[in-house]
Amino acid sequence: MTLSQVSTWTELYTGDRSGISYDGEHLHVPDDLVDDAAAVDTSANNSAYLALQKSNLKAAVDQQAERERLKYITAGAGQAMTYAQKAEEARLCLDATGPDPEDYPLLAAEIGITASTLVGVAQVVATANAQWLQIGAAIEAARLSAKKAISEAETVEDAQAAADAIVWP
Numbered sequence: 001m002t003l004s005q006v007s008t009w010t011e012l013y014t015g016d017r018s019g020i021s022y023d024g025e026h027l028h029v030p031d032d033l034v035d036d037a038a039a040v041d042t043s044a045n046n047s048a049y050l051a052l053q054k055s056n057l058k059a060a061v062d063q064q065a066e067r068e069r070l071k072y073i074t075a076g077a078g079q080a081m082t083y084a085q086k087a088e089e090a091r092l093c094l095d096a097t098g099p100d101p102e103d104y105p106l107l108a109a110e111i112g113i114t115a116s117t118l119v120g121v122a123q124v125v126a127t128a129n130a131q132w133l134q135i136g137a138a139i140e141a142a143r144l145s146a147k148k149a150i151s152e153a154e155t156v157e158d159a160q161a162a163a164d165a166i167v168w169p
């Protein structure tokens, strides 16, 4: 039994699992449980198996999308909040007449680093945000299209083909 089959089996098997033990090196499974494992239907015709595989594939698509995003942005919830706030500060700053750095603390923190003026920093941040919106939207479209195709698949093979067909931007 492959690791994938074991993982699937643990999701589908509803029988008694007593007697299973792990000694730090080997997994010990009673013979009758091995026979039960072989009897679990993991065929594409099993709706529970298909649903499980679809769920796993959609989770994998989400993970792939995150890896794609991380090619363009820095990971972390705090960093995401910082990016969002900087984008908002940049928008407001560029719309303002004579903006005061005290009103834009995240942009002001970058004066002399990213650009020499507050407006210069705001322009750099606004440009980076516009670029991110384009690539982020393309990644999101690929992610959601793949998950829709997986959801609509009628067989495990079709679901896998949908996941394999993703073309990331």
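The opening residue of the sequence shown carries number 1 in UniProt numbering; numbering runs sequentially from there. C-beta: ideal position from N, C-alpha, C; glycine also. For clarity, every value in this text was computed on a predicted model and none was experimentally measured.
To the nearest angstrom, how far is it from the Cα of L92 to the Cα of E66? L92 and E66: Cα-Cα distance of roughly 29 Å.
Nearest-angstrom Cα distance between T97 and G78? In a straight line, the C-alpha of T97 is about 30 Å away from that of G78.
Touching by the beta-carbon criterion (3+ pairs, under 8 Å), the region 131 to 146 and the region 107 to 117: The region 131 to 146 vs the region 107 to 117: no contact.
Return the CA-CA distance between K54 and A163, expressed in angstroms with no decimal places. The alpha-carbon atoms of K54 and A163 are separated by roughly 9 Å.
Between the C-alpha atoms of V51 and Q63, what's the straight-line distance to the nearest angstrom? One detail in the question is off: residue 51 reads as Ala in this sequence, not Val. A51 and Q63: Cα-Cα distance of roughly 19 Å.
I'd like to know whether the C-beta atoms of V167 and A142 end up nearer to each other than 9 Å. Yes, the pair counts as a contact, with Cβ atoms nearer than the cut-off.
Assigned secondary structure, L27 (DSSP; H/G/I helix, E/B strand, else coil): Residue state for L27 is assigned as strand, using DSSP reduced to three classes.
DSSP beta-bridge partners for S21? Answer is H28.
By the DSSP assignment, the alpha helix (DSSP H) with I111 in it spans what residues? Boundaries for I111: no alpha helix (DSSP H) harbours it, and the DSSP string shows neither H nor E there.
Where does the unbroken alpha helix (DSSP H) through W132 begin, and where does it stop? Taken as a continuous stretch (DSSP letters only), the alpha helix (DSSP H) holding W132 covers L118 to E152.
Which class does Y83 belong to by DSSP, given the choice of helix, strand or coil? Note: Y83 maps to helix in three-state DSSP.
Pull up the CB-CB distance for A122 and L94, whole angstroms please, since I reckon it's below 8 Å. Between the beta-carbon of A122 and that of L94 there is about 5 Å, and that keeps the pair under the 8 Å contact cut.
Distance check for A159 and S151, CA to CA, integer angstroms please. A straight-line Cα-Cα distance of about 7 Å links S151 and A159.
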